[in-house]
Structures are given as structure tokens and as C-alpha cells.
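Engineer:
Residue numbers (full-length UniProt numbering): 1 to 286.
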């Protein structure tokens, strides 16, 4: 492990003036992600009280002072980019059917469902363009591109550029091997790949295309990861699922334990941004 870490560190040193060359385009975004602070990403917006991927869920994340809002993007049959996690509208709306087989006019007729009750709300499915307008100048947008038709990535990038938000968006990649291809579409937009091993982290850093990396709880090389953070790598981890459920039941002490276990993270994605915000204040005061 020590040898492997030394290899990563060597890569970092060889990379040279990363901040002033490769990442110069992301200055404003990185300024919002100050390394000394702990940041939170509201998963599908702040959806404890509002439908996921909805306008009010975005607005609530902004009002909580959350740094990042994570939103899912798909395309309708006629090429309109909308916010939707699932392949179908069945779970989250009053309608049924695949998003890719419904026109935008048909999508507009649907109402989003409240969570967790599942009753119809007064809210409708937003477009990506609406979401960009809501987020601009207020919160960083992390786009989780769910659309399987990859040609729509270019359309997504065009919308981001037209809104003048190239330095306010993170574009998530499940496979870091796709970085180069997507990077060429617009180098000004910050890529945000997932790493599943220390080897992946090494390859991502070697690419010099980003230094914001999604990891998971399986990463246990605390000393090495803490050193990477100190060298300017932004590490993102999720508290989704069981961790968020436990915290909702038992309180912020669950999150405090989480922070002690993963001291090297800069960004935490959560389904409960309000409780995490309180935990951050408590943790700082202790």
C-alpha cells in the first residue's frame, strides 16, 4: 500500500502546475468548494418535504445553504431534457411509461408525487433548462446523466454553455474511462468521475482532466486519502441509504461518527441535507 501511495504522490508531483493550467477554467467553482470546509450535496434536491428532482426541492437546498444539488437528467421522445431518475415515470409521477417513449407535451400533463406518501402534488416535472436557471449563481449543479442515448450529452453541454454556467456544473461519470471523450465536448465543464479502487484514482489523476473524485465506503486507506486531500484532491462520498436512515432515527451523533471514520472527505451526498447542516455546526463546535 505504501508503494502504491508513493506512486500516486509521484503522479501528483509530476503533474506540475495543475491548478494554473488544466483547471484554470474551474476557478469559480473550486472557490465555492473551499478545501477547508465540509460541503454537502442534496441528492435529487432536498426531497424530505418535496418531490425529488422538483423545483421546490432545488429551492429548499438553496435556502438551506447547501453547496451542491444533485439532479438526474433524461430526454423525452422528442429530445427535451428533463429531470427524472427512473427510466419510467411510474414511481414518481401520476403517469406511466418510459420517459424515452413520452413526448414533452405528455410529460407536462403529469404531476410529481409527494414522498414518502406517494400522493399527487401540485408540482410538475422540470426541464434541465429550468433547473439551470434556478441554480445559476446560487448553488453548484451536479448532473447525474441517466439518459442511455449518449448523443444527448452534447445537447446537455450546449444548454449549460448557453446559460453561461460552465463553471457552476459538475458532470458525473460512472466510468472514468469516458473522461477523455466527454472532456473534448467542452473542457470548461468540470468532470466528476467515480473511482472504485486506488488504481482508478491513480488513472484519474494521471489524466489531468479533474481532481474531484467520487469514492465509496470501501476505501479504507485513511492516511493516503487524507494526504491526497491535502494536495488538492476533492473526495466525495455518500451517506445515502442506511446511514441517512440511522441518522434520521438516532440523531446527528450518527453523522459525527461518520465524519470521524472518513476525515478525508470534502463533499458528502445525502438525502437529509437539513440534518447534515446541523451536524456540521455541532461538529465544528466540539
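Glycine included, every Cβ here is placed at the ideal spot set by N, Cα and C.
Bear in mind that the values here come from a model prediction, so they are computed numbers and not experimental data.
If contact is defined by three or more beta carbon pairs under 8 Å, each pair taking one atom from either stretch, is the region 197-215 in contact with the region 230-250?
Structural biologist: yes
Engineer: Buried or exposed: residue 242, going by 16 or more other Cβ atoms within 10 Å of its Cβ?
Structural biologist: exposed
Engineer: Are the CB atoms of residue 273 and residue 40 within a distance shorter than 7 Å?
Structural biologist: yes
Engineer: Within 10 angstroms of its Cβ, does residue 280 collect 16 or more other Cβ (buried), or is it exposed?
Structural biologist: buried
Engineer: Could you tell me which whole alpha helix (DSSP H) segments of length 4 or greater appear in the region 150-188?
Structural biologist: 152-162 and 179-183
Engineer: On the DSSP bridge list, what partners appear for residue 219?
Structural biologist: Its beta-bridge partners do not exist; DSSP assigns none.
Engineer: Could you tell me which whole beta strand (DSSP E) segments of length 3 or greater appear in the region 48-132?
Structural biologist: Listed in chain order, they are 68-75 and 81-83.
Engineer: Sorted by chain position, which residues of the same chain lie with C-beta nearer than 6 Å to residue 22's C-beta, five sequence neighbours on each side aside?
Structural biologist: With a pLDDT of 43 at residue 22, under the threshold of 50, the modelled position of this residue cannot be trusted, and the question is left open.
Engineer: Within the same chain, show all residues whose beta-carbon is closer than 7 Å to that of residue 32, passing over the 5 residues directly before and after it, in chain order.
Structural biologist: 67 and 140
Engineer: How many Å lie between residue 123 and residue 194 at the Cα?
Structural biologist: 32 Å
Engineer: Tell me the residue span of the beta strand (DSSP E) that contains residue 142.
Structural biologist: 140-145
Engineer: Please determine if the region 126-135 and the region 47-61 are in contact, where contact requires at least 3 C-beta pairs separated by less than 8 Å.
Structural biologist: yes
Engineer: Quick check on this structure: which residue in 29, 59, 76 and 38 has the alpha carbon closest to the alpha carbon of residue 256?
Structural biologist: 38
Engineer: Could you have a look at residue 22 and say whether DSSP puts it in helix, strand or coil?
Structural biologist: Because the pLDDT of residue 22 is 43, which lies under 50, any placement of that residue in the model is unreliable, and the question is left without a value.
Engineer: Rounded to the nearest angstrom, what separates residue 178 and residue 210 at their Cα positions?
Structural biologist: 12 Å
Engineer: So residue 234 is in the alpha helix (DSSP H); what residue range does that whole segment cover?
Structural biologist: Where residue 234 is concerned, there is no enclosing alpha helix (DSSP H), although the beta strand (DSSP E) it sits in stretches over 234-238.
Engineer: Please report the distance separating the alpha-carbon of residue 230 from that of residue 218.
Structural biologist: If I take the Cα positions, the gap works out to 20 Å.
Engineer: Any idea which residues DSSP pairs residue 246 with across the strands?
Structural biologist: Paired residue(s): none; residue 246 is not in a bridge.
Engineer: Might you give, ordered along the chain, the residues of its own chain that have their beta carbon closer than 7 Å to the beta carbon of residue 108, omitting 5 neighbours on each side?
Structural biologist: 124
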